[in-house]
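First residue of the sequence shown: 399, per our numbering; consecutive thereafter.
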Amino acid sequence: IEKVYSKVIDLSKKTKPNVLYLGTPSYDSDNVYEIQTAGFRKAGCPIMKMNLSEVPISRRTQGGSEEENQIVYPTYENMKKEVDKADVVMVSGGNTLYGLQRWKKLGMDQILAEASKMTNGSPVFCGGSAGAICWFQYGNSDSMNPSTFLNPDPEMTDEEKNNWDYIKISALGFLPALCVPHYDALQHNGLHRSVASDVMVQEMSDFPCIGIEEEAAFVVEGDIVRVIDGSSNGNAKCYRKIFHSETQEMEILNLEEGGGSFSMSELLCLN
């Protein structure tokens, strides 16, 4: 979405920021990379694609040796060097749980956490779906969808493909909230994600949830929150949702681009 890419570039305070792309949740798919970085390439931004995922069986060289199908992963020092020089860190969509576990194994989670606390200006962190969830404390995730696994069973029946449910996953924790992406999308169970996430929000009583619609962006700059509506009809928005244990009521606050800015501290009940 052009408005979102433009805002990310604006936040970087560079005309052509250095972009570090982490496609780990999508198993470093080149196709996903090409689609998700199109806006940055159009703007002339230099992009570094760092492959950290294991290689899915489907992408291994047929008849190739084990050595030919191996990837030489960057060292901890090299990963840190690339993050330190990045003006923007973008994360792909995909299997969030896999991406976070893989980062933890390689130490990327620690590197990103350190970068978020840089006193001379941290990079702009961005992404959609898994690339949005990862920056929050928790995520409402479809990572148990067997079709999104590293090596899905090719013999799966349609029933097996749909026999899963959303899980709450712990993420990097930069934003103390539960993230629900694809908030307005119809899910495999026939429910919109906004409705399907209600049970999880109720179980996390008094803890804020941020729902992000497909064509909306939730933008945080310091304590200021803004919403970008990237839809053609001007209806895309975000939501702050909390289930209050004392009243047993769900409070839903619409966050719209036309509504101006919001206080992060107030939205997430940090005061």
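All C-beta atoms in this analysis are idealised placements derived from N, C-alpha and C, irrespective of residue type, glycine included.
In the DSSP assignment, the alpha helix (DSSP H) including residue i goes from what residue to what residue?
| i | result |
| --- | --- |
| Glu664 | 662–665 |
| Tyr474 | 474–483 |
| Asp408 | 400–410 |
| Leu510 | 506–514 |
| Phe438 | 436–440 |
| Ile469 | Element bounds for Ile469: n/a, residue is neither H nor E. |
| Ile531 | 528–531 |
| Ala615 | Note, Ala615: premise wrong, no alpha helix (DSSP H); beta strand (DSSP E) at 614–619. |
| Glu644 | Looking at the DSSP string, Glu644 is not in any alpha helix (DSSP H), and its letter there is neither H nor E. |
| Ser592 | 591–594 |
Using the Cβ count rule (16 or more neighbours within 10 Å means buried), how would you classify residue i?
| i | result |
| --- | --- |
| Asn493 | buried |
| Leu570 | buried |
| Ser539 | buried |
| His580 | buried |
| Ser527 | buried |
| Ser541 | buried |
| Tyr419 | buried |
| Ser568 | exposed |
| Ser661 | exposed |
| Glu601 | exposed |
| Arg591 | buried |
| Glu647 | exposed |
| Glu553 | exposed |
| Met470 | A small fix is needed here, since residue 470 is Val in this sequence, not Met. Under this definition Val470 is an exposed residue. |
With a cut-off of 8 Å on the beta carbons, I'd call residue i and residue j a contact; round off their distance for me.
| i | j | result |
| --- | --- | --- |
| Lys639 | Ile650 | 5 Å |
| Ala513 | Val481 | 5 Å |
| Cys532 | Leu498 | 6 Å |
| Val417 | Ile445 | 5 Å |
| Val430 | Gly421 | 6 Å |
| Val593 | Phe641 | Not really, about 14 Å apart at Cβ, beyond 8 Å. |
CB-CB under 6 Å to residue i, same chain, minus the five flanking residues each way: which ones, in chain order?
| i | result |
| --- | --- |
| Val522 | Val406, Leu409, Ser410, Val486 |
| Thr546 | Asn493 |
| Lys401 | Ile626, Gly628 |
| Pro574 | Gln535, Leu666 |
| Lys559 | Ser545 |
| Glu613 | Gly628, Ser629, Ala634 |
| Phe572 | Ser514, Trp533 |
What are the boundary residues of the beta strand (DSSP E) that residue i is part of?
| i | result |
| --- | --- |
| Met488 | 486–489 |
| Tyr536 | 534–539 |
| Glu557 | Where Glu557 is concerned, there is no enclosing beta strand (DSSP E), although the alpha helix (DSSP H) it sits in stretches over 556–559. |
| Ser629 | First-last for Ser629: undefined, no H or E at that position. |
| Ser568 | 565–568 |
Alpha carbon to alpha carbon, how far is residue i from residue j?
| i | j | result |
| --- | --- | --- |
| Asn587 | Asp604 | 26 Å |
| Pro544 | Asp563 | 10 Å |
| Tyr403 | Arg457 | 29 Å |
| Tyr425 | Arg500 | 10 Å |
| Ala511 | Glu432 | 26 Å |
| Gln508 | Gly519 | 17 Å |
| Glu557 | Leu576 | 29 Å |
| Asp551 | Val453 | 15 Å |
| Met516 | Lys483 | 12 Å |
| Ile565 | Tyr496 | 13 Å |
| Gln468 | Ile455 | 12 Å |
| Asn549 | Glu644 | 45 Å |
| Leu450 | Leu665 | 34 Å |
| Thr435 | Ala530 | 15 Å |
| Ala583 | Lys447 | 29 Å |
| Leu589 | Asp596 | 11 Å |
| Gly537 | Thr413 | 32 Å |
| Met477 | Asp428 | 20 Å |
| Lys502 | Asn631 | 40 Å |
| Gln585 | Glu655 | 25 Å |
Give every residue of the same chain whose Cβ lies closer than 7 Å to the Cβ of residue i, excluding the five residues on either side of it in the sequence, and list them in chain order.
| i | result |
| --- | --- |
| Pro396 | Here the chain covers residues 399 to 669 and nothing more, so residue 396 does not appear. |
| Arg624 | Val617, Ser659 |
| Cys667 | Pro606 |
| Asn652 | Lys635, Tyr637 |
| Glu611 | Tyr581, Asp582, Ala634, Lys635, Cys636 |
| Glu619 | Leu409 |
Tell me which residues share the same chain as residue i and place their Cβ nearer than 8 Å to its Cβ, disregarding the 5 neighbours each side in the sequence.
| i | result |
| --- | --- |
| Tyr474 | Leu504, Gly505, Ile509 |
| Ser657 | Here the sequence assigns Gly to residue 657, which means Ser is not the residue at that position. If we look at Gly657 and ignore the five residues flanking it on each side, its Cβ neighbours are Val625. |
So does residue i have its beta carbon nearer than 8 Å to some heavy atom of the ligand SAH?
| i | result |
| --- | --- |
| Leu573 | Absent from the structure shown: the ligand SAH. Ligands present: none. |
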